[in-house]
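So the structure is just underneath, and the comments pick up after that.
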Amino acid sequence: MNKRGFIKTLEAVLAVIIVFLFIYYLGRSGGEDARFVQGIRSLEESVLNEISKDDSFRECIVNSDVTVFNQIVDDFQASNCISIPQDKCAKDIDCYIEGSLPLRYREKYAFTICSPSDPGCSLPGSIGGSKEVYTSAVIISSSLNDAKYSPRILRMWLY
Numbered sequence: 303m304n305k306r307g308f309i310k311t312l313e314a315v316l317a318v319i320i321v322f323l324f325i326y327y328l329g330r331s332g333g334e335d336a337r338f339v340q341g342i343r344s345l346e347e348s349v350l351n352e353i354s355k356d357d358s359f360r361e362c363i364v365n366s367d368v369t370v371f372n373q374i375v376d377d378f379q380a381s382n383c384i385s386i387p388q389d390k391c392a393k394d395i396d397c398y399i400e401g402s403l404p405l406r407y408r409e410k411y412a413f414t415i416c417s418p419s420d421p422g423c424s425l426p427g428s429i430g431g432s433k434e435v436y437t438s439a440v441i442i443s444s445s446l447n448d449a450k451y452s453p454r455i456l457r458m459w460l461y
């Protein structure tokens, strides 16, 4: 038996196995991230979809002043769904979003409304230095029975 040929063949087989294992683990780690991101996107879109189907939430968003609504949301974001008389509908939306999220995201979300013509619909300051931020948005308009047409963008962030 030729020991030199056997060792070279064994080295080649081990090299091929190592390369395949490396490719397998590299491909697997990317898939988990993609599934996680898809799960976050699905969660955000389901919450926003339910809000857009609720007539009272839609009327609240469409009829509210954008600046006032966003300021009120910023002011009570940490108040744990305690009723605030200034803008009950904004608080109701906040409580609905908080109740729809898993426990690990209940302290790590933000939402705002803005006008489609306003380019300033940007990241809220409360998110700060978070490394990973996931966002989704939906355009909400008034019902067909309402003569006033003033669509708004409802944007939600999870971080």
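Numbered per the numbering used here, the sequence shown spans residues 303 to 461.
Note that beta-carbon positions come from the ideal geometry of N, C-alpha and C, so glycine has one too.
As the structure is a computational prediction, the values presented were derived from the model and not from experiment.
- Contact between Y398 and L460 does not hold, since their C-beta atoms are separated by about 15 Å, which reaches or exceeds 8 Å.
- The beta carbon of F371 is closer than 6 Å to those of A392, I415 in its chain, skipping five residues each way along the sequence.
- Contact annotation: F413 and L456 have beta-carbon atoms nearer than 8 Å.
- Distance check between I395 and each of I429, E352, P404 places E352 closest, using alpha-carbon atoms only.
- With fewer than 16 neighbouring CB atoms inside 10 Å of its own CB, R408 falls in the exposed class.
- Per DSSP, C397 lies in no beta strand (DSSP E); the unbroken alpha helix (DSSP H) holding it starts and ends at 390-402.
- The three-state reading of DSSP puts V364 in helix, counting H, G and I together.
- Less than 8 Å divides the Cβ of V364 from the Cβ of R454.
- Residue environment for R360: buried (at least 16 other C-beta atoms within 10 angstroms of its C-beta).
- Under the 10 Å beta carbon count, S358 is surrounded by fewer than 16 other beta carbons and is classified as exposed.
- Secondary structure note for S438: its beta strand (DSSP E) is the uninterrupted segment 436-442.
- Between the alpha carbons of I325 and S419 lies a distance of about 47 Å.
- Here V339 is exposed. Its C-beta has fewer than 16 other C-beta atoms within 10 Å.
- R408: not part of any beta strand (DSSP E); DSSP gives it neither H nor E.
- Around S438, the same chain offers R343, E346, E347, L350, M458 as residues with beta carbons nearer than 7 Å, after the five sequence neighbours per side are excluded.
- Beta-bridge pairing by DSSP links L312 to no other residue.
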